[in-house]
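Residue numbers (our numbering): 437 to 571.
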């Protein structure tokens with residue numbers, strides 16, 4: 437008789453641990469609403485001075501005042517890993533020196549005309565570890 441596989445489970449982590457997980461990664465997804473549709477764009481990020489700087493191929497004019505950014509690292513085999521979601525107000529980085537710095541340190545995408553640098557001020561941070569429950 438074989439043992440049934442362990443069931444997956446989600447374990448909520450603290451905001452501090454969620455930010456720590458976020459800092460250990462560099463790719464995520466910017467999520468926002470545009471004309472009643474949900475838009476998801478890839479992003480590269482860095483966390484500095486309590487803010488999240490995101491470089492994304494989204495038109496700056498289309499990004500609303502508040503966005504969500506989602507990052508995860510999930511292992512397909514086994515379904516373990518983690519997921520972090522950050523939401524808050526955002527502004528477009530327009531200062532030429534600051535923009536040049538992030539364009540050098542955050543790689544962008546070569547497809548399309550849009551290359552936007554955003555500064556996200558986290559208001560909510562949530563995260564989960566994905567684990568296997570013991571059978």
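Here a beta-carbon is modelled for each residue, glycine too, at the ideal position from N, C-alpha and C.
Do residue j and residue i come within 9 Å of each other at the CB atom, strictly closer than that value?
{"i": "residue 528", "j": "residue 555", "result": "yes"}
{"i": "residue 584", "j": "residue 478", "result": "Outside the displayed span of the chain (437 to 571) sits residue 584, for which this structure offers no information."}
{"i": "residue 480", "j": "residue 542", "result": "yes"}
Which residues in the same chain have their Cβ closer than 6 Å to the Cβ of residue i, if we skip the five residues on either side of it in sequence?
{"i": "residue 500", "result": "468"}
{"i": "residue 507", "result": "458, 461, 464, 520"}
{"i": "residue 502", "result": "525"}
Roughly how many whole angstroms lie between the Cα atoms of residue i and residue j?
{"i": "residue 514", "j": "residue 449", "result": "20 Å"}
{"i": "residue 557", "j": "residue 522", "result": "9 Å"}
{"i": "residue 460", "j": "residue 471", "result": "33 Å"}
{"i": "residue 435", "j": "residue 524", "result": "The question about residue 435 has no answer, for the chain in this structure spans 437 to 571."}
{"i": "residue 407", "j": "residue 493", "result": "No answer is possible for residue 407: the residues shown for the chain start at 437 and end at 571."}
{"i": "residue 533", "j": "residue 491", "result": "15 Å"}
{"i": "residue 539", "j": "residue 551", "result": "9 Å"}
{"i": "residue 517", "j": "residue 560", "result": "21 Å"}
{"i": "residue 447", "j": "residue 473", "result": "30 Å"}
{"i": "residue 455", "j": "residue 483", "result": "9 Å"}
{"i": "residue 495", "j": "residue 476", "result": "12 Å"}
{"i": "residue 564", "j": "residue 443", "result": "16 Å"}
{"i": "residue 562", "j": "residue 537", "result": "29 Å"}
{"i": "residue 571", "j": "residue 452", "result": "Low confidence applies here, because residue 571 scores a pLDDT of 49, under 50, leaving its location unreliable; read the following figure in that light. Approximately 30 Å, taken between the alpha carbons."}
{"i": "residue 445", "j": "residue 531", "result": "44 Å"}
{"i": "residue 509", "j": "residue 485", "result": "24 Å"}
Sorted by chain position, which residues of the same chain lie with C-beta nearer than 7 Å to residue i's C-beta, five sequence neighbours on each side aside?
{"i": "residue 535", "result": "529, 553"}
{"i": "residue 548", "result": "493"}
Count the other CB atoms, across all protein chains shown, that sit within 10 Å of the CB of residue i; report buried if there are 16 or more and exposed otherwise.
{"i": "residue 569", "result": "exposed"}
{"i": "residue 526", "result": "buried"}
{"i": "residue 497", "result": "exposed"}
Is residue i close to chain B, meaning its C-beta is less than 9 Å from at least one C-beta of that chain?
{"i": "residue 501", "result": "The question asks about chain B, but that chain is absent: this structure has only one protein chain."}
By Cβ distance, which residues of its chain are closer than 8 Å to residue i, with the 5 residues on each side in sequence left out?
{"i": "residue 511", "result": "517"}
field: Inside the segment 441-500 only - alpha helix (DSSP H) runs reaching at least 4 residues
entry: 451-459
query: Enumerated in chain order, which unbroken segments of the beta strand (DSSP E) with a length of 3 residues or greater are wholly contained in the segment 509-571?
result: 517-528, 552-556, 560-568
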